[in-house]
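Under my numbering, the first residue of the first sequence carries the number 60, and numbering increases by one thereafter. The next block holds one structure in the form of structure tokens; read it before the comments.
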Amino acid sequence: MSAKTKQQRPKARVAKGFRDIGPEEVRGVKRMTRVIEEVYEAYGFEPLEVPFIEYTDALGKFLPDQDRPNEGVFSFQDDDEQWLSLRYDLTAPLARYVAENQQALPTPYRGYRQGWVFRNEKPGPGRFRQFMQFDADTVGSASPSADAEMCMMVADTMEKLGIARGSYVMRVNNRKVLDGVLEAIGVAGPENEARRMTVLRAIDKLDRFGVAGVRELLGKGRKDESGDFTKGAELEPAAVDRVAGFVDAGAPTRGETLKRLAALVGDSERGRAGVAELEEMSTLFAAAGYGEDRIKIDPAVVRGLGYYTGPVFECELQMEARNEEGQLVRFGSVGGGGRYDDLVARFTGQQVPATGVSIGVSRLYSALKLLGQTEEGKTLAPVVVLVMDRERIGDYQRMVGTLREAGIRAEMYVGTSGMKAQMKYADKRSSPLVVIQGGDEKAKGEVQIKDLQLGAELAGGVENRADYKEARLAQFSVPEADLVKAVREALARR
RNA sequence: GCAGCUGUAGCUCAGUUGGUUAGAGCGUCGGAUUGUGGAUCCGAAGGUCCCUGGUUCGAGACCAGGCAGCUGUACCA
């Protein structure tokens, strides 16, 4: 290997913002998504898969231009020069699907989807350019009962996943109420669009910067610890007070919060409509037995800035846990959604009321993992049958077959190395047991079974090499006919 | 994008005011043991000190400019 050829080799490395997912997490996420699926199915939602790639214009993204070919979304041109993009959420493809199949679908259409989405953005801690979402949507119903159902369904899902009542909360708000408050402080109208956006962004940051930070952002602006300055919305002090008061209007009960909101929106028609929708949802929550400990009305929820037109909601995990470094971690939001009444209209021209919710699978999974709810490490590694005698591979193959028929995960060593390497292999695999049958055992019609975990524990106490070598720790012989029985017993002892 | 911090072995990191041949732990590989992983002992391999230029008798260290990473922040349909 010359230096030259070495330089020409590509470096083995994952792309920035992407990651490999190991066996434990693959199994754990599968288990978790199965639970979510069961809840959604129980609520009557139908599964759907949409492609990873859509025409860029169908995703509602501006066509890439020469200056910004991939801003936020991974895009490329097809043979016919049409722009294609990797999906960046599961809602835009759903809107396309519904618009394309409207006649064939029942109204309302109730569906769920799960899968990878991609965003071409700067990755951060716990933030990747590929991640998994699990969505449910009701398309074609304007009723707040459809929104209320989403909230209750996510609450149920959390409990089915082992998150105790009180450790999560659904926070619900309504964009119309926010609009009403903005009207009341005189920033309505198209000329104030930019300022309203800044206000919404400021409110969205309550969990990170607290009320004081939000007030700074509503007013002049805020400087972060690195010295970077963020320009604020430059509201008048009285308006800052009013918005801050709104954000802080959450009361212990839904009824009390609604009263405060009604007062804050004044006589704004839109604001009142929002409060009325929240009242209807609140009544449904109460009727279905979803208490204040599960679903709250919280005016601080705004959910990004995008397409939401009515109720918005967010599921927040409230407990804390310690990560590997022993630091306290707050989980925050693991999912959310809301009403979007304009998305299908982009294709058909007709307004189709819709509401949906999205769970961040990867984020929820890391939360469950820190809580010890993922059952990682519960899948037992296979029993390894060593190949002592190459000519007798058929015999070893028969042994693993017998074990598998008995429901025991087992494999024959398929490498080409000697016994020592085979032991190392089994060790690295975390195998519970190895099965050994060399010439000596064969002659006696026996097999040796070695308990690797027990062996490792006993080895800790061995002081010198002679003992170590002699000990042949944690292994025993049984008649060949008793292989399954003995393996079963040894596994049961663990 | 903006700001701060950091780039030395596969990993985690030492490396004195600028001074000879750049170190440790862990890991890897080999031996003690050609039928035994894991304890123990012995040994070995492994380096573009991020890159380019500059200062200097001399740079891993100092300076400038790049690049990369981390963290925060902005944007985020």
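Quick reminder that beta carbons are idealized off the backbone N, C-alpha and C, glycines included. Keep in mind that this is a model prediction, so the values were computed, not measured.
If you run the structure through DSSP and keep just helix, strand and coil, what is residue i?
i           : result
residue 362 : coil
residue 64  : Low local confidence applies: a pLDDT of 37 at residue 64 is under 50, so the model's placement there is unreliable, and no value is given.
residue 490 : coil
residue 99  : helix
residue 246 : coil
residue 381 : strand
residue 452 : helix
residue 258 : helix
residue 268 : helix
residue 73  : coil
residue 136 : strand
residue 437 : coil
residue 390 : strand
residue 373 : strand
residue 334 : helix
residue 349 : coil
residue 230 : strand
residue 186 : strand
Would you kindly report the start and end of the unbroken alpha helix (DSSP H) that includes residue i?
i           : result
residue 80  : Counting along the chain, residue 80 falls outside any alpha helix (DSSP H), and DSSP gives it neither H nor E.
residue 156 : 150–159
residue 168 : Counting along the chain, residue 168 falls outside any alpha helix (DSSP H), though it belongs to the beta strand (DSSP E) covering 168–177.
residue 296 : 296–306
residue 474 : It is not in any alpha helix (DSSP H) - residue 474 carries neither H nor E in the DSSP assignment.
residue 413 : Note, residue 413: premise wrong, no alpha helix (DSSP H); beta strand (DSSP E) at 413–419.
residue 181 : Element bounds for residue 181: n/a, residue is neither H nor E.
residue 219 : 203–219
residue 498 : 498–503
residue 403 : Segment: none, residue 403 is in no alpha helix (DSSP H) and carries neither H nor E.
residue 119 : It is not in any alpha helix (DSSP H) - residue 119 carries neither H nor E in the DSSP assignment.
Under the DSSP definition of a beta bridge, which residues are partnered with residue i?
i           : result
residue 191 : 175
residue 560 : Since the first residue of the chain shown is 60 and the last is 553, residue 560 is not available in this structure.
residue 251 : In the DSSP output, where bridge partners are listed per residue, residue 251 has none listed.
residue 144 : 113 and 134
residue 197 : 169 and 414
residue 470 : 443
residue 222 : In the DSSP output, where bridge partners are listed per residue, residue 222 has none listed.
residue 457 : None, per the DSSP bridge assignment.
residue 280 : 290
residue 397 : 371 and 415
residue 355 : 230
Can you list, in chain order, the residues of its chain with a C-beta nearer than 6 Å to that of residue i? Leave out the 5 residues immediately preceding and following it.
i           : result
residue 418 : 193 and 394
residue 174 : none
residue 423 : 393
residue 534 : 507 and 509
Starting from residue i and walking both ways along the beta strand (DSSP E), at which residues does that stretch end?
i           : result
residue 104 : Premise fails: residue 104 is in no beta strand (DSSP E) and is neither H nor E.
residue 289 : 288–290
Grab me the residues of residue i's own chain with a C-beta within less than 8 Å of its C-beta, minus the 5 sequence neighbours each way, in chain order.
i           : result
residue 430 : 221, 222, 378 and 380
residue 490 : 440, 441, 442, 443 and 511
residue 356 : 230, 231, 232, 309, 313, 316, 317, 320, 337 and 341
residue 240 : 301, 302, 305, 323, 324, 327 and 330
Taking 7 Å as the limit between beta carbons, can you name the residues of its chain near residue i, skipping five residues before and five after?
i           : result
residue 338 : 317
residue 92  : 173, 193 and 420
residue 485 : 443, 493 and 511
residue 117 : 155
residue 266 : 391
residue 352 : 224 and 225
Inset, instruction - Mind the definition here: the stretch 454–472 touches the stretch 532–549 only if three or more C-beta pairs lie below 8 Å; say whether that holds. - result: yes
Inset, instruction - Would you be able to state if there are at least three C-beta pairs under 8 Å between the stretch 366–383 and the stretch 238–246? - result: no
Inset, instruction - Indicate whether the contact test is met: 3 or more Cβ pairs, each with one atom in the stretch 278–298 and one in the stretch 385–401, closer than 8 Å. - result: no
Inset, instruction - Say whether the stretch 253–263 touches the stretch 340–353, bearing in mind that this needs 3 or more beta-carbon pairs closer than 8 Å, one atom from each stretch. - result: no
Legend entry - Three-pair Cβ contact test at 8 Å for the stretch 97–104 versus the stretch 198–215: yes
Legend entry - Given 8 Å, three or more beta-carbon pairs between the stretch 177–189 and the stretch 83–91: no
Inset, instruction - May I ask you to verify whether the stretch 406–417 touches the stretch 197–208, counting CB pairs closer than 8 Å and requiring at least 3? - result: yes
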